[in-house]
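Everything below concerns the one structure shown next.
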Amino acid sequence: MDSVKVLLVEDYKMVRLGLSLVFENTEGIDLVGEAEDGKKGVSLALKLNPDVVLMDIGLPEMDGIQATAMIKKSNPNIKVLVFTSRDSEDDVFDSLAAGADGYIMKGADETQMINAIKAVAEGTAWLDPAIARLVLSNVRKQNAVQVTGVHQANNVAKNTYGLTDRELEVLALIVEGLNNSEIAQRLVITISTAKAHVHSILQKLYVTNRTQATIQAVKEGLI
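Heads up, the sequence shown is in my numbering, so the first residue is 369 and it goes up one at a time.
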């Protein structure tokens, strides 16, 4: 694809400066604008129509979660990658529920950052490994029961979407943040088969990307 147009929404000037230098020296990334608060971020997103908004959460005027929801409501085609140091369960799930297409921690290195931006631009949800572990931990706490048989029965009872046993396995790996190649390796299947399972899962859950599938899996206790 052509260069990814990125809008940076971050209140700390030094962070914006550092990231702008990274993007300036990265092929395939075009920084089209910067905003220091949520309201300006929403305004610029709707004006500039970037491919990806790199969105902090702790912003003045309007926080990143509210800004994300407004951007996605006005233009669902704009991808939002949450970029923050906050990893509380509330922040993570509220961001994803607001429509964020990915969540990456500020401790990520430059390569991870660029990969995350390009991934969400191409329509692939991105979850920072630390966030994927948090999601899994939340799922396990919600579904924890003393008797394994009851646990399995509960999951079956909640599976009103017609997911097969294999698709439930694949869904669990999606929640872990694995891509199609990694899913194929883990389950010892071909990549094309993994893609087919993922496509079927998204259709059955009535969602359009992996992040939404993760949210649905957590809400419905499917894994």
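Quick reminder that beta carbons are idealized off the backbone N, C-alpha and C, glycines included.
Would you call residue 477 buried or exposed, if buried means 16 or more other Cβ atoms sit within 10 Å of its Cβ?
-> For this step, residue 477 is matched to residue 109 along the sequence shown. Exposed is the call here.
Beta-carbon gap between residue 569 and residue 581 smaller than 9 angstroms | Residue numbering aside, residue 569 sits at position 201 when the sequence shown is read from its first letter. Residue numbering aside, residue 581 sits at position 213 when the sequence shown is read from its first letter. For residue 569 and residue 581, yes; Cβs fall inside 9 angstroms.
Assigned exposure category for residue 381 - 16 Cβ within 10 Å defines buried | Reading the sequence shown from its first residue, position 13 is the one you call residue 381. Counting Cβ neighbours within 10 Å, residue 381 comes out exposed, since fewer than 16 surround it.
Rounded C-alpha distance that separates residue 590 from residue 497 | Position 222 of the sequence shown holds residue 590. Position 129 of the sequence shown holds residue 497. Going from the Cα of residue 590 to the Cα of residue 497 covers about 20 angstroms.
Determine the DSSP secondary structure at residue 386, reduced to helix, strand or coil.
-> For the purposes of this step, residue 386 is taken as residue 18 along the sequence shown, with counting starting at 1. Helix at residue 386.
Excluding the five sequence neighbours on either side, which residues of its own chain have a C-beta within less than 6 angstroms of the C-beta of residue 378, listed in chain order?
-> Working through the sequence shown from its first residue, we reach residue 378 at position 10. Answer for residue 378: 384 and 424, listed in chain order.
Mind listing, in chain order, the continuous beta strand (DSSP E) runs of no fewer than 3 residues lying wholly within the stretch 410-469?
-> 420-423 and 447-452
What is the DSSP secondary structure of residue 543, counted as helix, strand or coil?
-> Here residue 543 refers to the residue found at position 175 of the sequence shown. Helix at residue 543.
Distance between residue 536 and residue 517 (C-alpha atoms, nearest Å) | Reading the sequence shown from its first residue, position 149 is the one you call residue 517. Reading the sequence shown from its first residue, position 168 is the one you call residue 536. Its pLDDT being 44, under 50, residue 517 is placed unreliably by the model, and the measurement read from it follows with that caveat. The straight-line gap from Cα to Cα measures roughly 16 angstroms.
Do residue 448 and residue 467 come within 9 angstroms of each other at the CB atom, strictly closer than that value?
-> Along the sequence shown, one-based indexing puts residue 467 at 99. Along the sequence shown, one-based indexing puts residue 448 at 80. Against a cut-off of 9 angstroms, the Cβ pair of residue 448 and residue 467 comes out as a contact.
How close, in whole Å, do the beta carbons of residue 485 and residue 421 come, if the pair is a contact with beta carbons under 8 angstroms?
-> For the purposes of this step, residue 485 is taken as residue 117 along the sequence shown, with counting starting at 1. For the purposes of this step, residue 421 is taken as residue 53 along the sequence shown, with counting starting at 1. No, residue 485 and residue 421 are not in contact; Cβ-Cβ is about 10 angstroms, not under 8 angstroms.
Look at the Cβ atom of residue 412, then the Cβ atom of residue 375, and state whether they are nearer than 9 angstroms.
-> As a first step, residue 412 is located in the sequence shown; it is residue number 44 there, counting from the start. As a first step, residue 375 is located in the sequence shown; it is residue number 7 there, counting from the start. Yes, the Cβ-Cβ distance between residue 412 and residue 375 is below 9 angstroms.
Cα-Cα separation, residue 463 to residue 547 | Counted from its first residue, the sequence shown places residue 463 at position 95. Counted from its first residue, the sequence shown places residue 547 at position 179. Roughly 21 angstroms between the two C-alpha positions.
Beta-carbon gap between residue 372 and residue 396 smaller than 9 angstroms | The count along the sequence shown starts at 1 and reaches residue 372 at position 4. The count along the sequence shown starts at 1 and reaches residue 396 at position 28. Taking 9 angstroms as the Cβ cut-off, residue 372 and residue 396 qualify as a contacting pair.
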